[in-house]
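Worksheet: one structure, shown below.
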Amino acid sequence: GSVSTDFTARDHQQRMESLDNAFSYEELEQWHARLARDGVEAPALLCELKVDGLAINLLYEDGRLTRALTRGDGRTGEDVTPNVKTIDSIPHRLTGTDEFPVPASVEVRGEVFLPVAAFERLNVAMTDAGKPVFANPRNAAAGSLRQKDPRVTATRALGMVCHGIGARDGFVPTAQSQAYDALAAWGLPTSDQVRVLASPTEVEAFIDDVGERRHTIVPYEIDGVVIKVDDVGLQRRLGSTSRAPRWAIAFKYPPEEVNAKLLAIEVNTGRTGRVTPFGVMEPTRVAGSTVERATLHNAHEVTRKDVRPGDTVVLRKAGDVIPEIVGPVLPLRPEGLEAWVMPTECPSCGTTLAQQKEGDKDLRCPNHQKCPAQMLDRVFHVAGRGAFDIEGLGSEAAAALLEAGVITDEGDVFDLDAAKLMRTDLFTRAAKKAELEEGATEGRVLSANGQRLLDNLDQAKQVPLWRVVVGLSIRHVGPTAARALATEFGSMQAIRAATEEQLAAAAGVGPTIAEAVIEWFTHAWHIAIVDKWERAGVTMADERDESTPRTLEGLTIVVTGSLVDYSRDSAKEAILSRGGKASGSVSKKTDFVVVGESAGSKAEKAERLGVPILDEAGFTALLEQGPPAPLE
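Put into structure tokens, the structure is as follows:
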């Protein structure tokens with residue numbers, strides 16, 4: 005059978021760090037000054053393009069590609085080896101030279117990207133298939149790499165650029181540029197836009213030159229220039245903070261702004277009823293892709309910016325990702341343009357729009373249960389990657405099932421069977437002769453896509469509780485809040501039974517989310533969805549590992565700074581699984597503060613309040629044994 009990718013979490017041999025950013029030449033000068041203060045004056049500086057992609061770590065052992073991990077939290081990433089092996093530019097075996105023989109073991113760091121032309125082709129194909137398009141090439145690269153079936157990844161034209169080396173055995177580079185020469189000699193993909201420069205002035209000239217050509221210099225998206233001290237000995241001397249090397253910095257370009265013709269302002273109803281205005285424009289090229297729609301956030305923003313249909317507007321991508329309208333170009337406004345007025349009725353169902361609470365900037369459609377736009381979006385959301393992750397239930401499939409009356413809302417999704425899918429053409433095909441004799445329904449049988457959807461639905465019934473919670477479309481409850489609820493309460497029944505105070509007290513929840521959860525469960529049709537899913541076999545509780553001792557029952561613990569053996573998430577998980585509460589702020593109610601490298605103000609506050617402080621060894625002992633018994 006075919007290989008599938010399971011995204012198992014695995015540790016990097018050497019931590020993958022992030023980069024600090026500079027958004028101006030002034031901030032870049034401050035970085036040069038910090039280097040000088042640390043005794044590194046006028047070093048040779050390696051400059052390279054900052055690829056806007058997905059960070060990846062390849063492990064080669066005896067020249068053979070044995071593992072590929074995403075960055076994850078820097079210590080632990082997801083194993084995507086079968087998918088990475090489908091990328092043409094990544095060799096499965098390294099080739100050595102006399103100058104650079106293949107090392108016994110080496111971690112190779114780089115960025116996986118999707119070329120802009122391939123991104124645009126992919127989005128055309130997604131639109132044709134009735135699936136949601138990707139917002140930008142980076143998201144498309146991440147989505148392509150995170151396919152369960154590597155054969156899908158293989159169709160996506162991904163590429164890679166290597167930009168560093170992690171743990172290694174049998175290779176000792178003296179300079180970053182020498183490491184890049186080695187990577188190229190071994191047959192790995194490197195950039196031809198790397199320069200080693202002698203001064204900050206030369207660096208700024210390189211940044212300016214790249215900035216002018218950033219959308220044409222390479223066939224993939226870049227969002228800046230990375231500057232690194234070239235000498236590896238100086239890199240070692242400068243070291244790192246808890247998250248980033250002191251010897252490197254990323255210069256980020258400001259968002260590109262262009263003029264565009266605004267043809268109309270329309271509104272869209274989302275899955276929680278929020279009605280959002282957006283601009284429809286003449287197709288306009290900005291930051292590497294063609295844009296025809298851009299967000300206007302809410303009616304208040306449209307009025308504040310005084311944007312009118314027919315205006316020439318300034319368009320940019322917020323964070324180089326989401327197209328947004330900055331405002332009108334007033335000197336180009338034609339005479340007599342009328343101000344836009346927010347509709348008073350839902351564009352999908354005609355219900356009168358209202359604020360959910362007094363003072364809300366958003367207007368919502370209160371017809372949550374029956375509004376077709378909300379219903380479609382909710383069914384599609386159930387299948388989304390952040391919720392049940394059901395392949396085959398995209399927007400086209402959700403629309404077809406609702407239109408045919410096969411499902412009436414998201415509660416019916418897990419009751420789908422072959423007979424129900426047969427009621428829509430999307431999941432059937434013409435029967436072959438032998439199948440006709442076996443009694444095909446009106447000359448049609450269930451297609452392979454239909455069978456695949458049923459199999460995927462069956463698998464989705466076993467997802468962890470937090471994914472089920474995300475699938476409910478509770479306002480304010482995304483994956484982070486859902487994880488917090490699942491960790492604290494362990495079952496849907498316990499979440500339903502909890503009071504607002506109990507919910508708000510859970511780490512990572514708070515009063516706003518608690519109020520939204522309580523409000524959601526006051527509606528009988530919401531509870532009916534949960535009950536339908538449970539009857540259909542959806543798992544409604546996480547299996548708790550009862551073998552883990554509850555050593556921290558009732559204790560509130562704050563972890564600050566960088567620990568060696570724990571990532572931020574694993575430290576939090578260790579506290580929660582032992583009955584403790586992991587808090588982000590220090591107060592008189594805090595029982596212990598665990599202090600790692602570069603701890604900062606929380607450690608100082610703990611000292612001031614007299615809260616006991618533990619190092620990493622003390623934290624490990626606390627997890628195993630609990631707090632020391634009080635002296636009698």
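5 is the number of the first residue of the sequence shown in the working numbering; add one for each residue after it.
Note that the Cβ used here is the ideal one computed from N, Cα and C, for glycine as well.
These figures come from a predicted structure and were not determined experimentally.
- Item | For F384, the nearest candidate out of T355, T276 and A144 (CA to CA) | Numbered from 1 along the sequence shown, position 380 holds the residue referred to as residue 384. Nearest option by C-alpha distance: T276.
Q. In the structure shown, what three-state DSSP assignment does K265 receive?
A. As a position in the sequence shown, residue 265 is number 261, starting the count at 1. Residue state, collapsed to three classes: strand.
Just the C-alpha distance for G5 and G57, rounded to the nearest angstrom, thanks. For the purposes of this step, residue 5 is identified with residue 1 of the sequence shown, where counting begins at 1. For the purposes of this step, residue 57 is identified with residue 53 of the sequence shown, where counting begins at 1. Here G5 scores only 38 on pLDDT, less than 50, and its place in the model is too uncertain to base an answer on.
Cβ of I617 within 8 Å of Cβ of V599? Translated into positions along the sequence shown, residue 617 becomes position 613. Translated into positions along the sequence shown, residue 599 becomes position 595. Taking 8 Å as the Cβ cut-off, I617 and V599 qualify as a contacting pair.
May I have the straight-line CA-CA distance separating V233 from T564, to the nearest angstrom?
Within the sequence shown, numbered from 1, the residue matching residue 233 stands at position 229. Within the sequence shown, numbered from 1, the residue matching residue 564 stands at position 560. When rounded, the separation of the alpha-carbon atoms in V233 and T564 is 29 Å.
- prompt: If you scan the region 587–622 from start to end, which runs of the beta strand (DSSP E) of 3 or more residues do you find wholly inside it?
  reply: 596–599
Check for me: the alpha helix (DSSP H) holding G514 runs from which residue to which?
Stepping through the sequence shown from its first residue, residue 514 is reached at position 510. Per DSSP, G514 belongs to the alpha helix (DSSP H) from G514 to W524.
message = Short of 7 Å in beta carbon distance, which residues of its chain neighbour E636, apart from the five on each side in sequence? Order them along the chain.
response = Counting from one through the sequence shown, the residue named residue 636 turns up at place 632. Note that E636 has pLDDT 40, beneath the 50 cutoff, so the model's placement of it is unreliable and no number is given.
- Task: Would you list the one or two residues that DSSP bridges to M285?
- Result: Position 281 of the sequence shown, counted from the first residue, corresponds to residue 285. Note: M285 sits in a beta bridge opposite L266.
By the three-class DSSP mapping on this structure, what secondary structure does K164 have?
The residue labelled residue 164 in the question sits at position 160 within the sequence shown. According to the sequence displayed, residue 164 carries Met and not Lys. M164: strand per DSSP, three-state reduction.
| Per the contact definition of three or more C-beta pairs closer than 8 Å, is the region 514–526 in contact with the region 589–599? | no
Inset, instruction - Answer yes if the region 62–80 comes into contact with the region 219–236, meaning at least three C-beta pairs across the two stretches below 8 Å, and no otherwise. - result: no
- Task: Pull up the distance between the alpha-carbon of N140 and that of W344, whole angstroms please.
- Result: Numbered from 1 along the sequence shown, position 136 holds the residue referred to as residue 140. Numbered from 1 along the sequence shown, position 340 holds the residue referred to as residue 344. Whole-angstrom Cα-Cα distance: 29 Å.
query = Would you call the CB atoms of F123 and S293 closer than 8 Å?
reply = Within the sequence shown, the letter at position 119 stands for residue 123. Within the sequence shown, the letter at position 289 stands for residue 293. Result yes, Cβ atoms of F123 and S293 sit closer than 8 Å.
* Around the C-beta of V473, are 16 or more other C-beta atoms found within 10 angstroms, so that it is buried, or is it exposed? -> Position 469 of the sequence shown, counted from the first residue, corresponds to residue 473. Buried, because 16 or more other Cβ atoms sit within 10 Å of the Cβ of V473.
Notebook entry, point to check: Grouping DSSP H, G and I as helix and E and B as strand, with all else coil, what is S352?
Noted result: Against the sequence shown, residue 352 aligns to sequence position 348. Looking at S352 - three-state DSSP - the assignment turns out to be coil, as it is neither helix nor strand.
R68 by DSSP, collapsed to three states: which one? On the sequence shown, residue 68 is found 64 positions in, with the first residue counted as 1. In the structure shown, R68 sits in a strand (DSSP, three-state: E or B).
Open item on the list: Looking only at its chain, what residues have a beta carbon closer than 7 Å to the beta carbon of A518, apart from the 5 residues adjacent to it on each side?
Closed with: Counting from one through the sequence shown, the residue named residue 518 turns up at place 514. By the criterion of a C-beta distance shorter than 7 Å, A518 is surrounded in its chain by E504, L507 and A508, once the five residues flanking it on both sides are discounted.
Buried or exposed for L336, please, with buried defined as at least 16 other CB atoms from any protein chain shown within 10 angstroms of its CB. Residue numbering aside, residue 336 sits at position 332 when the sequence shown is read from its first letter. Label assigned to L336: exposed.
Report task. Rounded to whole angstroms, what's the CA-CA distance from A511 to S244? Just pull it up for me. Result -> To locate residue 511, count along the sequence shown from 1; it is residue 507. To locate residue 244, count along the sequence shown from 1; it is residue 240. Between A511 and S244, the C-alpha separation is close to 30 Å.
- request: Please state whether DSSP places F431 in a helix, a strand or coil.
  value: Translated into positions along the sequence shown, residue 431 becomes position 427. In this structure, F431 counts as helix in the three-state DSSP scheme.
#### Entry: Opening and closing residue of the alpha helix (DSSP H) in which K321 lies
Here the question's residue 321 lines up with position 317 in the sequence shown. Per DSSP, K321 belongs to no alpha helix (DSSP H); it is in the beta strand (DSSP E), T316 to A322.
query = Roughly how far, in whole angstroms, is the beta-carbon of A490 from the beta-carbon of D546, given that I think they are within contact range, below 8 Å?
reply = Position 486 of the sequence shown, counting from 1, holds the residue named residue 490. Position 542 of the sequence shown, counting from 1, holds the residue named residue 546. Right, the Cβ-Cβ distance comes to about 6 Å (below 8 Å), so this counts as a contact.
Just reading off the alpha helix (DSSP H) that V3 is part of, what are its end residues? In this structure the chain extends from 5 to 636, so residue 3 is not present and cannot be described.
Discussion item. I'd like the ranges of any alpha helix (DSSP H) spanning at least 4 consecutive residues and lying wholly in the region 523–564.
Written reply: With a minimum length of 4 residues, the continuous alpha helix (DSSP H) runs that stay inside the region 523–564 are 528–539.
If the criterion is Cβ atoms closer than 8 Å, does the pair F431 and L461 meet it?
To locate residue 431, count along the sequence shown from 1; it is residue 427. To locate residue 461, count along the sequence shown from 1; it is residue 457. No, they are not a contact pair.
Between which two residues does the beta strand (DSSP E) carrying F255 extend?
Taking the first residue of the sequence shown as position 1, residue 255 is located at position 251. Note, F255: beta strand (DSSP E), A252 to K256.
Just to confirm, are L319 and V279 a CB contact at a threshold of 8 Å? In the sequence shown, residue 319 corresponds to position 315, counting from 1. In the sequence shown, residue 279 corresponds to position 275, counting from 1. No, the pair does not count as a contact, with Cβ atoms beyond the cut-off.
Closest Cα partner of F27 within the set I253, I394, K309 and Q17: The residue labelled residue 27 in the question sits at position 23 within the sequence shown. Among I253, I394, K309 and Q17, the Cα nearest to that of F27 belongs to I253.
First and last residue of the alpha helix (DSSP H) that includes S581? Indexing the sequence shown from 1 puts residue 581 at position 577. Its alpha helix (DSSP H) spans residues R572 to S581.
Which of helix, strand or coil does DSSP assign to A358?
-> The count along the sequence shown starts at 1 and reaches residue 358 at position 354. Strand, per DSSP.
Query raised in the report: Does the beta-carbon distance from V165 to L50 come in below 8 Å?
Result: Within the sequence shown, numbered from 1, the residue matching residue 165 stands at position 161. Within the sequence shown, numbered from 1, the residue matching residue 50 stands at position 46. No, these two residues do not count as a Cβ contact at 8 Å.
message: For G464, tell me which candidate among E349, V200, R368 and W537 has the shortest Cα-Cα distance.
response: Taking the first residue of the sequence shown as position 1, residue 464 is located at position 460. The question names Gly, but residue 464 is Ala in the sequence shown. Comparing Cα-Cα distances from A464 to each of E349, V200, R368 and W537, the minimum goes to W537.
| request: In angstroms with no decimal places, state the Cα-to-Cα distance between G215 and G558. | output: Here residue 215 refers to the residue found at position 211 of the sequence shown. Here residue 558 refers to the residue found at position 554 of the sequence shown. G215 and G558: Cα-Cα distance of roughly 54 Å.
### Query
If you drop the 5 nearest sequence neighbours on each side, which residues of the same chain put their C-beta closer than 7 Å to that of L3?
Residue 3 lies beyond the residue range present for the chain, which begins at 5 and ends at 636; the question has no answer from this structure.
- Could you have a look at R337 and say whether DSSP puts it in helix, strand or coil? Here residue 337 is taken as the residue at index 333 of the sequence shown, counted from 1. Looking at R337 - three-state DSSP - the assignment turns out to be coil, as it is neither helix nor strand.
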